[in-house]
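Below is one structure; the comments refer to it alone.
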Amino acid sequence: MLIFGERRQIMDCRVICVVFLVPIVSLAGAEKFERFDNKPIWRRAFGGEINTFPAQGPGSDVYIVAEDRALHSLNGDTGEVNWIYRPGGKLRSLLMIGADGTIYIQNDRREFFAVTPGGTGRWKLLLSAEMAVLPAGSSDGRVFLPLLSGEMLCVSRRGEILWTIDMGSEASASPVVNADGLVWIPLNSGKIICVDTWGEEIAHVSLDESVSTLALDGDERIWAGGYDGAISVFPHYTGRHSQSASTQLDPVFRLKTESSRVTAILTTSSKQGLVFYATGEAVAYSEDGEETGRFRIALSSGAPSVSTDGTIFAPVSDGSIRVVHPDAINAHTKLQVGSALSEPLLTEQGMLIAGGRDWILYAWKAGLPGSGWLQFRGGPLRSGTLPTSSAVIDRKTARKDSRFLIREQMAVSDSLEQRMKLVEEIESYTDELTMRKALPWVDLLLEDLVSIGTIRSVDVKSSHALVRAAGYQLISKGIDFRLRGLVLQCLRNEKDPLALAAGFRALGYIGSDWDGASMRTIYSRYKALGPQGERFILETARALMDLIRYNGGVSDSSGIDLINRLLSSDISNVNKKELLFILADG
Numbered sequence: 008m009l010i011f012g013e014r015r016q017i018m019d020c021r022v023i024c025v026v027f028l029v030p031i032v033s034l035a036g037a038e039k040f041e042r043f044d045n046k047p048i049w050r051r052a053f054g055g056e057i058n059t060f061p062a063q064g065p066g067s068d069v070y071i072v073a074e075d076r077a078l079h080s081l082n083g084d085t086g087e088v089n090w091i092y093r094p095g096g097k098l099r100s101l102l103m104i105g106a107d108g109t110i111y112i113q114n115d116r117r118e119f120f121a122v123t124p125g126g127t128g129r130w131k132l133l134l135s136a137e138m139a140v141l142p143a144g145s146s147d148g149r150v151f152l153p154l155l156s157g158e159m160l161c162v163s164r165r166g167e168i169l170w171t172i173d174m175g176s177e178a179s180a181s182p183v184v185n186a187d188g189l190v191w192i193p194l195n196s197g198k199i200i201c202v203d204t205w206g207e208e209i210a211h212v213s214l215d216e217s218v219s220t221l222a223l224d225g226d227e228r229i230w231a232g233g234y235d236g237a238i239s240v241f242p243h244y245t246g247r248h249s250q251s252a253s254t255q256l257d258p259v260f261r262l263k264t265e266s267s268r269v270t271a272i273l274t275t276s277s278k279q280g281l282v283f284y285a286t287g288e289a290v291a292y293s294e295d296g297e298e299t300g301r302f303r304i305a306l307s308s309g310a311p312s313v314s315t316d317g318t319i320f321a322p323v324s325d326g327s328i329r330v331v332h333p334d335a336i337n338a339h340t341k342l343q344v345g346s347a348l349s350e351p352l353l354t355e356q357g358m359l360i361a362g363g364r365d366w367i368l369y370a371w372k373a374g375l376p377g378s379g380w381l382q383f384r385g386g387p388l389r390s391g392t393l394p395t396s397s398a399v400i401d402r403k404t405a406r407k408d409s410r411f412l413i414r415e416q417m418a419v420s421d422s423l424e425q426r427m428k429l430v431e432e433i434e435s436y437t438d439e440l441t442m443r444k445a446l447p448w449v450d451l452l453l454e455d456l457v458s459i460g461t462i463r464s465v466d467v468k469s470s471h472a473l474v475r476a477a478g479y480q481l482i483s484k485g486i487d488f489r490l491r492g493l494v495l496q497c498l499r500n501e502k503d504p505l506a507l508a509a510g511f512r513a514l515g516y517i518g519s520d521w522d523g524a525s526m527r528t529i530y531s532r533y534k535a536l537g538p539q540g541e542r543f544i545l546e547t548a549r550a551l552m553d554l555i556r557y558n559g560g561v562s563d564s565s566g567i568d569l570i571n572r573l574l575s576s577d578i579s580n581v582n583k584k585e586l587l588f589i590l591a592d593g
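Add 7 to a position in the sequence shown, counting from 1, and you land on the number used in the numbering used here.
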């Protein structure tokens, strides 16, 4: 088996090749090398040059900004156009997909737009200054915007500015966000600062030269590449036990084998890195900083993409995309068209997609993307993070805090009074960030409130549907859309009409439904239980329309069936009129 970082000689050349996530090779001898098929699977013409990178949402849709002042959505497998959105003004070469499926773009009027997966505008924000670098997005749905003024904004997925900080210097490269929601921002001063969920600097790094690119590895370590060619790797930092205002972090290792700018860093889930330099050198490093291999490849800009078998797809200086094969580094393939190709995207379905200055988007069948930070800005979302669905604080850790233990007992109590006291405490916070700073493990309490009586088997009399209804509402108001998964799980077992209606509304307000799971769950539960009173019917309609508005359309065909069922409801004339008003407001 060949592994990442293994050295070997190729024929008589003095070339040390890095094998990057390569497949198993038979001990009896390597199989005959099969050349990559350089014929595109599909092409799609646009109304202007494509000189920026594509991105992919959580589903199969691919997005691209072209010089025709439009955002385009396509089916990544076929190239079929889904929709075209023109917000006004000339669009910047900025494209990022939020973890909840929201598409973010900016025009030349300093307007920052959130676009739904269905191709409608959700909100826009007028910035006080242009963005200095590309934005970043966290796994909970927040977006971070570094401005030329030296400020950075944290914006919720609903368009609310949660906080603003003055960094004291412009960002030198795009931020990255780790699984704990901490934002790492490199500055022109040579400093890298780490900002927590509430916009407070909790750690920093001081370097001799400013950073040109950042990356995360499988252990949440920060890889920083400098304009001077230096590579520094810093440990995973959570800040939970920090007592100082800002902790000075020391590197796990720091090295400088090259003197030219670091143009890109790729890392694997096993904490190894492949670093590209402006001079054309590509050097592989172990998790401890030992050089394990190198080869030459002159990137044009940005980062390559890497498939699961270790094949590297790199945009190079002659305008082509070079396909570097892990088992035959000298037998590379060129993907070349009539003009220079932009930075490629390797989709979750294994399509390699890149735009050309000939106004055409091209796609090749390439193989599934590798696991790790193996594309520009980390992955297909281009968001500067490695998405995670896990809670920031686990229950075992939370139980070390006596404040949590007391509230956990309230959350699982047989007493309705005790459980409602906890609900009232959580509701008393008018600002969610303040609440989460005071109760950092609140998501675990919300899980207790909604799961007892649904996914946890208990006495029906002590399951308290009123508490579950309140819990669903509290979840829906939160910043983190990932609790949608918990709500879906609970609603599949929810039998109380009051709690079920509250859960439907929670799914609607959370909004994110790129996979149609929310719409299907509402339909299936409504169909299984039948109309449970006129209020239940109206609340179901409101939830459905909330989903349609947030996603820019019906996210699953079950939504059409649900609309028909609602319209055929036997209700009073007054509520029939209200129902029609709700359904017409989509």
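Note that CB positions come from ideal geometry on N, CA and C, so glycine has one too.
Just the Cα atoms here: how many angstroms apart are residue i and residue j?
i	j	result
T354	R410	44 Å
I589	G540	17 Å
V282	I319	13 Å
E74	A210	40 Å
V162	F151	6 Å
Y284	G108	33 Å
H339	A271	20 Å
G144	R532	33 Å
K584	G537	20 Å
S314	D503	47 Å
I482	Y516	10 Å
D44	G55	27 Å
S602	F543	Residue 602 cannot be examined here, being either before or after the span of the chain that is shown, 8 to 593.
F241	L141	22 Å
Q255	R117	35 Å
I112	F119	6 Å
N582	A548	12 Å
R501	L134	Note that residue 501 corresponds to Glu in the displayed sequence, not to Arg. Each residue's Cα considered, the two are about 43 Å apart.
P351	V323	11 Å
Determine the closest residue to residue i out of the options, with distance taken between C-alpha atoms.
i	options	result
G559	W49, A52, Y92 and P61	Y92
A476	S483, A509, P504 and L490	A509
L440	D226, I48, K372 and L169	L169
T85	L359, E432 and E208	L359
E347	V140, W49 and N58	The question names Glu, but residue 347 in the sequence shown is Ala. When each option's Cα is compared against that of A347, the closest is N58.
G518	I482, Y557, L569 and E546	Y557
L132	S308, M159 and G166	G166
D563	L573, D520 and A548	D520
H332	A252, G126 and F302	F302
F488	D503, E501, L514 and G326	L514
A535	L412, L569, G95 and R549	L569
S378	G206, P387 and R572	P387
Does DSSP put residue i in a helix, in a strand, or in coil?
i	result
V330	strand
D450	helix
P124	coil
A477	helix
S307	coil
Q356	coil
L28	The pLDDT assigned to L28 is 41, lower than 50, so where the model puts this residue is not dependable; a value taken from the coordinates is nonetheless given after this. Three-state result, L28: coil.
Y557	helix
E434	helix
S564	coil
L194	strand
With a CB to CB cut of under 6 Å and the five nearest residues on each side skipped, what residues in its chain are close to residue i?
i	result
M417	Q425 and L429
Y436	M442
T286	S267
G345	D365
S470	I459 and G460
L423	H471
Using a Cβ cut-off of 8 Å (strictly closer), state whether residue i contacts chain B.
i	result
W130	This model lacks chain B altogether, as it is built from one protein chain only.
Whose C-beta lies closer than 7 Å to the C-beta of residue i among residues of the same chain, with five residues either side of it excluded?
i	result
P193	A178, S179, A180, I199, S217, V218, L221 and A231
E546	A508, F511 and R512
D226	H243 and K278
A373	S314, F320, L353, G357, M358 and L359
Only counting the same chain, and skipping five residues up and downstream in sequence, which positions put a Cβ closer than 8 Å to that of residue i?
i	result
A289	V25, L281, V282, F283, R301, F302, R303 and I304
T395	S146 and A186
Q279	F11, G12, D224, A291, Y292, S293, E294 and T299
P153	M138, A139, V140, P142, M159, M174, E177, A178, S181, P182 and I192
R149	C161, V162, S163, R164, L169, G188 and I486
For the region 229–242 and the region 265–275, state whether three or more C-beta atom pairs, one from each stretch, are separated by less than 8 Å. yes
Within the chosen definition, does the region 525–537 reach the region 64–75 through at least 3 CB pairs nearer than 8 Å? no
Just checking, does the region 444–453 make contact with the region 211–219 on the three C-beta pairs under 8 Å criterion? no
Please determine if the region 400–409 and the region 381–391 are in contact, where contact requires at least 3 C-beta pairs separated by less than 8 Å. no
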